[in-house]
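Structure, as structure tokens:
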Amino acid sequence: EQDACMPFLREQVRLVSPKLIICLGLVAAKKLIDPDIRMGADHGVFVEKGGLLMAATYHPAAILRNPKLRADALEDFALVAKKAAGLGIPGVRDPFA
13 EQDACMPFLR EQVRLVSPKL IICLGLVAAK KLIDPDIRMG ADHGVFVEKG GLLMAATYHP
73 AAILRNPKLR ADALEDFALV AKKAAGLGIP GVRDPFA
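So, in structure tokens, the structure goes:
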């Protein structure tokens with residue numbers, strides 16, 4: 013299923029030319045960022061791959077199953093907002109400003 017969808021995702025990324033991609037969950041992070049990524053250690057860490065900045069955070073379903081992950085996920089999204097604001101992405105403001 014992942015392999016069948018990758019050409020469509022690659023084309024969407026090409027057409028949209030995003031500055032930042034956030035993977036929600038380990039499956040997406042392993043496929044797009046690094047097959048050896050570990051969510052517990054690597055969530056919220058930005059990496060550059062193929063000219064794009066990428067980061068991973070917990071999937072919403074994982075947070076619902078384990079509410080202890082919520083604080084880390086919220087921190088990750090605050091970091092994403094800060095990074096996006098720094099990249100000049102319209103409609104995003106620095107949550108720490």
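To convert, note that position 63 of the sequence shown is 75 in the working numbering; the numbers rise steadily by one, no gaps.
We treat Cβ as the ideally placed atom computed from N, Cα and C, and that holds for glycine.
These numbers were taken from a predicted model, which means no experiment stands behind them.
In the structure shown, what three-state DSSP assignment does residue i receive?
i: V25; result: helix
i: K43; result: helix
i: V134; result: For residue 134 there is no data in the structure shown, the boundaries of the chain being 13 and 109.
i: I75; result: helix
i: K31; result: coil
Start and end of the beta strand (DSSP E) containing residue i?
i: L64; result: 64 to 69
From the options, pick the residue whose C-alpha is nearest to that of residue i; which is it?
i: L64; options: F20, L32, G37; result: L32
i: E13; options: V104, A40, R82, L76; result: A40
i: V25; options: E87, A74, A97, L44; result: L44
Would you call the CB atoms of residue i and residue j closer than 8 Å?
i: A85; j: Y70; result: yes
i: F58; j: K95; result: yes
From what residue to what residue does the alpha helix (DSSP H) around residue i run?
i: D48; result: Here D48 belongs to no alpha helix (DSSP H), and DSSP marks it neither H nor E.
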